[in-house]
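Keeping their order, the protein sequence lines are chains A and B. For the first sequence, the numbering used here assigns the number 2 to the initial residue and increments by one for each residue that follows. For the second sequence, the numbering used here assigns the number 655 to the initial residue and increments by one for each residue that follows. Glycine is no exception: its CB is placed at the ideal position from the N, C-alpha and C atoms. Below: the structure, in structure tokens.
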Amino acid sequence: MPEPKLKDRVALVTGGSRGIGRSIAEELAADGAAVAVNYRSGEAQAQEVVEAIRTSGGQAAAVGGDVSDYAQAERVIKQTEEQLGGIHIVINNAGISKDALIYNMDPGEWLDVMRVNFGGTFNCTKAALSSFMSQREGAIVNISSVMGERGWTGESNYAASKGAINAFTRCCAVEFARFGIRVNAVLPGFAPTDMVQGLMDKDDGKGISKQIPMKRFATVQEVARTAVFLAGPDSSHMTGALLTVDGGVSAQVGIGKPL
Amino acid sequence: MADVDGAVKEAVVEALALDDDEVTPDATLMDDLGAESIDLLDILFRIEKSTGVKIEASDLGEYIQGGIPDDEFSDDDEVISATGAAQLHKVMPQTDPADIEGKLKADEVMTLFTVANLVEMVKTRANGAG
């Protein structure tokens, strides 16, 4: 049996207690990594993920902290190192959405979304840097969105935060490459998580899924496996890449329907 | 303790992708060898890994200025004072205070910093001083 690809590697998944983050934590553990499951408020859910990983024979720890605050992000990294013996992979996944038309949007709402989505990514990246640079090894995977590259009515703040993550991913890749640190992003299209529940409620999501070339949403595991690929040795010469996992959404022109 | 001279030279060669013979003790890191801020960071992390001596990029400026307050180190136009020039001669013995006092801007002092100066700084730090 081949050795697990992420054996002896420690990974942190921010916002790892549910949705895509939970799936990434489980998939990283399945590939042999010890996983720190970060949560802001869902401690019980994070513990569930940890227990599920341990039951499957993996190693995991729940690490609380609001990564939109730099001091807390630093603590999350430190606790990961203390509890699991190091840090080699950071998955910047924690994110929120506060959808509204710009006309109606409370000015505070763009900042809230930016602070968590881009701020959390910036903070954990910076907080992990010293360890990564000292060991001259590290992989960072930012969970972005196709919204960061395209427009969508009602998601200006979310799309801007993801666009910032995409630009940041490229800059980090260029700055850190010489230190042996790779930085890439996954850009999911539509995956069935709590965050997009509003889109599902309307007609079970059919109005959207029929416009997707593959005619279905991504599973969280499909997004997670791409993140794990970018975190591991199979992508060793990749950095600064933005990989879409969107069933062809961003490949098509306009609404994609033939006349 | 690793060979500091060799460790510093190796760090500079690798970080700047230079040939061994280009990295001489009297070469200035920025002007002669073309190092930029990210190169200096890379050099310092490489030195840390090979020697165990941790130097932050911000420590370089502090080491060069030797704890002398800004308003004594340079004048109102941020040109190096006599006190500043004497300090620079202490950490960069190759410099002549007469060429610096009243002539060099404070933000240009790093351009005089050589490979040999960095070796000396690492040795000073390794001995727990500086």
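No Cβ of chain B is located within less than 9 Å of the beta carbon of R23(A). If you check each beta-carbon in the segment 692-726 of chain B against every beta-carbon of chain A, the ones closer than 9 Å belong to I692, D693, L695, D696, F699, R700, E702, K703 and K708.
At least one CB of chain A lies nearer than 9 Å to the CB of A669(B). Counting along the chain, I97(A) sits inside no beta strand (DSSP E), nor does DSSP assign it H or E at all.
Closer than 9 Å to the CB of R137(A) there is at least one CB belonging to chain B. At a C-beta separation below 8 Å, E176(A) has these neighbours in chain B: I692. The beta-carbon of R179(A) is placed less than 9 Å from the nearest beta-carbon of chain B. Note: P723(B) is not bridge-paired with any residue in the DSSP secondary-structure output.
Of the candidates R171(A), G22(A), S251(A) and A31(A), the residue whose Cα lies closest to the Cα of N39(A) is G22(A).
From the listed residues G155(A), S237(A), G233(A) and L243(A), the smallest Cα separation to P5(A) is found for G233(A). When only Cα atoms are considered, A30(A) and A128(A) end up about 23 Å apart. When rounded, the separation of the alpha-carbon atoms in L13(A) and A61(A) is 10 Å.
Beta-bridge pairing by DSSP links S728(B) to I734(B). Of all C-beta pairs linking the segment 209-219 of chain A to the segment 659-672 of chain B, fewer than three are shorter than 8 Å, placing the two stretches out of contact.
With respect to the 9 Å criterion, G241(A) and F180(A) are not classified as neighbours on the basis of their beta carbons. Shown here, N39(A) sits in a strand according to DSSP, grouped into three states. Per DSSP, reduced to three states, the secondary structure at R137(A) is coil, with no helix or strand assignment. For P189(A), no alpha helix (DSSP H) segment is defined; the enclosing uninterrupted segment is the beta strand (DSSP E) at I182 to P189. When secondary structure is reduced to three states using DSSP, I92(A) falls in the strand class.
Judged by DSSP secondary structure, G65(A) falls within the beta strand (DSSP E) whose first and last residues are A61 to G65.
V11(A): member of the beta strand (DSSP E) spanning V11 to V14, first to last residue. DSSP places I709(B) in the coil class of the three-state scheme, outside both helix and strand. With respect to S24(A), Q222(A) sits close: the two C-beta atoms are nearer than 9 Å.
Within the same chain, S69 come within 8 Å of R116(A) by CB-CB distance, once the 5 residues on both sides are set aside. Here DSSP, grouped into helix, strand and coil, assigns I692(B) to helix. Using a C-beta cut-off of 8 Å, the segment 47-57 of chain A makes no contact with the segment 102-120 of chain A, since fewer than three inter-stretch Cβ pairs fall below that distance. In this model, S18(A) and R55(A) are separated by some 15 Å (Cα to Cα).
Nearest to A711(B) by C-alpha distance, out of L672(B), M764(B), A752(B) and L687(B), is M764(B). Of the other Cβ atoms in all chains shown, 16 or more fall within 10 Å of the Cβ of E28(A); this residue is therefore buried. Inter-residue distance for D730(B) and E762(B) is about 16 Å (C-alpha atoms, whole angstroms). For L758(B), no beta strand (DSSP E) encloses it, and the DSSP letter there is neither H nor E. Linking A161(A) to D713(B) through their CA atoms gives a straight-line distance of about 37 Å. By the Cβ rule, the segment 200-209 of chain A does not count as touching the segment 140-157 of chain A, because fewer than three pairs are nearer than 8 Å. In terms of beta-carbon proximity, M134(A) lines the interface with chain B, with at least one pair separated by less than 9 Å.
For the pair Q84(A) and V64(A), the CB atoms are nearer than the 9 Å cut-off. The alpha helix (DSSP H) runs lying completely inside the segment 183-248 of chain A and spanning 4 residues or more are 198-204, 207-210 and 221-232, given in chain order.
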